[in-house]
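Have a look at the structure below, then the notes.
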C-alpha cells in the first residue's frame, strides 16, 4: 500500500494571510500521517500571476512538508488559459518562468504501488503556447510507457457534469482541449482523474474513469456544483489495482466563507483587499 496525501487550493500569500492557519493545520496533519508523497494540486498562491513574492512564499511554505512533495500550478499561480476568469491574468511564458524558478517544472510522473501517477499543468491545455505541445508530447510518452493503471492529477476538472458539454467555463477545461485530452486518456489505462479548483469534494465514475474532485484547504466553494464544499484534504491509498479515497477534515480546519472575507462584493478579488499578513508565517 502506498499513501499519497493531496492538498489543493491552499491560497497562500505573504501580504494576504487569510488562510494561513488552515495551511498550518493541513501541513501538520500531512506530516503526522507520514505519507509516501504529498501532492499540492494547484492554486498555491492568491496573486501568483503578478507576484514573484507570492510564488516564492508558497514554495518556502512547502519546504515545511516532510518527504517527497509534488506541486502543480493552478490558475492563481500561472494564470488561466483563454478566455479565463480574469482577462488580466492569462497564462504566458513569463508567468510559467516565475513558477519554474521556484518549483523547477510544471509536470511530473511517479510510479508507486503498481500505479503511475502523472501530474500536468491544466492551464496549458487550450493555451496555444509552445509549451502546450511540449506537454502533450511528454504526456503521450508517459501514457504509452506506463504499463500499469494510471492516475492523472491536474488543477482543473475536465468537465462539470458531462464530457460532451460544449460551453466555455472558467470552472473546467475548455471543450476542444477536453475532447483531445479525453481521446488520449481513453486509449490508455487511465482509471483516476484528480482535480481541485472548485473547492468541493465530488467522486463520480464517468465511463471507465473515476473523476475525483478534492476539497480545498483554504476556503469553501463560492459556487455550488453538486459537491461537498467543506474544507479538507484527501488521502489516497494505492494498492496494485485499486485506490481507496478518504477525505480528512482535521480539527481547526475552517471552511471560510469567501464572500464574507471579500466584504460581500466590496472587493472583486482577494488581491484587491488591504494587506493582512499571516500572523506567524514560519
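Numbering (my numbering), first residue to last: 1440 to 1721.
The beta-carbon is built from N, C-alpha and C at its ideal position, and this holds for glycine as well.
No experiment lies behind these values; they were computed from the predicted model shown.
Query raised in the report: In the structure shown, what three-state DSSP assignment does residue 1593 receive?
Result: In the chain shown, residue 1593 corresponds to position 154, counting from 1. Residue 1593 falls in the coil class under three-state DSSP.
Query raised in the report: Got a sec? Which residues, its chain only, sit under 8 Å from residue 1474 by beta carbon, not counting five neighbours each side?
Result: As a first step, residue 1474 must be located in the chain shown, where it is residue number 35. Contacts found: 1442, 1443, 1444, 1506 and 1674.
**Report entry** Proximal residues to residue 1521 (C-beta, below 8 Å), its chain only, five neighbours per side dropped
**Finding:** Reading the chain shown from its first residue, position 82 is the one you call residue 1521. Same-chain partners within the cutoff: 1529, 1565, 1566 and 1567.
Query raised in the report: When you compare only the Cα positions, how much space is there between residue 1582 and residue 1719?
Result: Within the chain shown, residue 1582 is the residue found at index 143, counting from 1. Within the chain shown, residue 1719 is the residue found at index 280, counting from 1. Roughly 42 Å separates the two Cα atoms.
Query raised in the report: Using the beta-carbon count (16 or more within 10 Å), is residue 1677 buried or exposed?
Result: For the purposes of this step, residue 1677 is taken as residue 238 along the chain shown, with counting starting at 1. Residue 1677 should be labelled buried.
Requested in this report: Please report the residue range of the beta strand (DSSP E) in which residue 1466 lies.
Outcome: Looking up residue 1466 in the chain shown gives position 27. It is not in any beta strand (DSSP E) - residue 1466 instead sits in the alpha helix (DSSP H) that spans 1459-1472.
Report task. Sort 1610, 1693 and 1712 by Cα distance to residue 1701 and report the nearest one. Result -> Here residue 1701 is taken as the residue at index 262 of the chain shown, counted from 1. Nearest Cα to residue 1701 within the set 1610, 1693 and 1712: 1712.
Report task. Report the three-state DSSP secondary structure of residue 1649 (helix, strand or coil). Result -> Along the chain shown, one-based indexing puts residue 1649 at 210. Strand at residue 1649.
Query raised in the report: Three or more beta-carbon pairs under 8 Å between the segment 1588-1606 and the segment 1551-1558, yes or no?
Result: By the C-beta criterion, the segment 1588-1606 is judged to be in contact with the segment 1551-1558, since at least 3 inter-stretch pairs fall below 8 Å.
Report task. Taking residue 1462 as the reference, give the member of 1637, 1632, 1629 and 1447 with the closest Cα. Result -> Sequence index remark: in the chain shown, residue 1462 carries index 23 (1-based). Selected option, being the one with the closest Cα: 1447.
Query raised in the report: Does the count of Cβ pairs from the segment 1654-1661 and the segment 1691-1701 closer than 8 Å reach three?
Result: yes
Query - In DSSP terms, what residue 1677 is bridged to - result: As a first step, residue 1677 must be located in the chain shown, where it is residue number 238. In the DSSP output, where bridge partners are listed per residue, residue 1677 has 1441 and 1682.
Report task. Please check the pair residue 1455 and residue 1707, which I expect to be a contact at CB under 8 Å, by giving their CB distance rounded to whole angstroms. Result -> One-based indexing of the chain shown puts residue 1455 at position 16. One-based indexing of the chain shown puts residue 1707 at position 268. 14 Å between Cβ atoms; not a contact.
Query raised in the report: Since residue 1665 and residue 1687 are thought to touch, with beta carbons under 8 Å apart, how far apart are those beta carbons, to the nearest angstrom?
Result: Stepping through the chain shown from its first residue, residue 1665 is reached at position 226. Stepping through the chain shown from its first residue, residue 1687 is reached at position 248. With a Cβ gap of about 21 Å, residue 1665 and residue 1687 do not count as contacting.
Query - Pairwise C-alpha distance: residue 1467 and residue 1609 - result: Start at 1 with the first residue of the chain shown, and residue 1609 comes out as number 170. Start at 1 with the first residue of the chain shown, and residue 1467 comes out as number 28. Cα to Cα, the separation comes out at about 32 Å.
Requested in this report: For residue 1693, I'd like the list of residues in its chain whose CB is within less than 8 Å of its CB, leaving aside the five on either flank, ordered along the chain.
Outcome: Along the chain shown, read from residue 1 onward, the residue named residue 1693 stands at position 254. Its chain contains 1460, 1461 and 1670 as the residues whose beta carbon lies nearer than 8 Å to that of residue 1693, once the 5 sequence neighbours on both sides are disregarded; these appear in chain order.
Query raised in the report: Is DSSP giving residue 1579 helix, strand or coil here?
Result: Residue 1579 sits at position 140 when you count from the first residue of the chain shown. Helix, per DSSP.
Query raised in the report: residue 1537 lies in the alpha helix (DSSP H); which residues open and close that run?
Result: For this step, residue 1537 is matched to residue 98 along the chain shown. Counting along the chain, the alpha helix (DSSP H) containing residue 1537 begins and ends at 1532-1542.
Query raised in the report: Do residue 1635 and residue 1514 have their C-beta atoms closer together than 8 Å?
Result: On the chain shown, residue 1635 is found 196 positions in, with the first residue counted as 1. On the chain shown, residue 1514 is found 75 positions in, with the first residue counted as 1. No, these two residues do not count as a Cβ contact at 8 Å.
Query raised in the report: Start and end of the alpha helix (DSSP H) containing residue 1656?
Result: On the chain shown, position 217 is the one that residue 1656 refers to. Run containing residue 1656: none; DSSP gives neither H nor E here.
Report task. Hey, could you find the ends of the beta strand (DSSP E) residue 1615 is sitting in? Result -> Stepping through the chain shown from its first residue, residue 1615 is reached at position 176. Note, residue 1615: premise wrong, no beta strand (DSSP E); alpha helix (DSSP H) at 1614-1625.
Report task. Quick one: using the 10 Å Cβ neighbour count with 16 as the cut-off for buried, is residue 1690 buried or exposed? Result -> Numbered from its first residue, the chain shown carries residue 1690 at position 251. By the 10 Å Cβ count, residue 1690 comes out exposed.
Query raised in the report: Given that a residue counts as buried once 16 or more other Cβ atoms are within 10 Å of its Cβ, and exposed if not, what is residue 1543?
Result: Numbered from 1 along the chain shown, position 104 holds the residue referred to as residue 1543. Exposed.
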